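Residue numbers (this note's numbering): 43 to 178.
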């Protein structure tokens, strides 16, 4: 798993490279991630900031204040194609979350936990062997 892995947006204007494994990888079922991803959940590998190298154009950002926690979350996306490429969160200032599906090989990392499971869709089955948290 460890090594260098790359990814980016649909149009290729934003690219990134990571060195090493994620600190952790969560699958988030919260209403915010459902809306922002357009899906039932979001796959969120968290890396130390220094392990991430951004290439190409800088992403556009949108800052949202969570209704649940009152903390900010900042969505990063391509200004040209709109691909959601990552997320920064107030509670992890030394980290950078990249959109799991944006990696060239999106299956190289393991999922450690499912969070906000109380908001998951009824048809989503949770795997055995992962940490499950009702909240984040």
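The beta carbon of each residue, even a glycine, is placed where N, CA and C say it ideally should be.
All values derive from a computational prediction rather than experimental measurement.
Own chain, CB closer than 7 Å to residue i, minus 5 neighbours either side, in chain order
i          : result
residue 93 : 60, 61, 62
Simplified DSSP state of residue i, which is helix, strand or coil
i           : result
residue 155 : strand
residue 84  : strand
residue 160 : helix
residue 68  : strand
residue 55  : coil
residue 49  : strand
residue 142 : helix
residue 125 : coil
Alpha helix (DSSP H) segment containing residue i, residue limits
i          : result
residue 93 : Residue 93 -> no alpha helix (DSSP H), and no H or E assigned at all.
residue 79 : 73-79
Residue i to residue j span [Cα, whole Å]
i           : j           : result
residue 154 : residue 166 : 17 Å
residue 89  : residue 51  : 18 Å
Identity of the residue in the options nearest residue i by Cα
i           : options            : result
residue 107 : 95, 91, 119, 133   : 133
residue 114 : 121, 105, 120, 122 : 105
Minimum Cβ-Cβ distance from residue i to chain C less than 9 Å
i          : result
residue 45 : Annotation note: the requested chain C is absent from the structure, which comprises a single protein chain.
Boundaries (first-last residue) of the beta strand (DSSP E) holding residue i
i           : result
residue 115 : 114-119
residue 105 : 102-107
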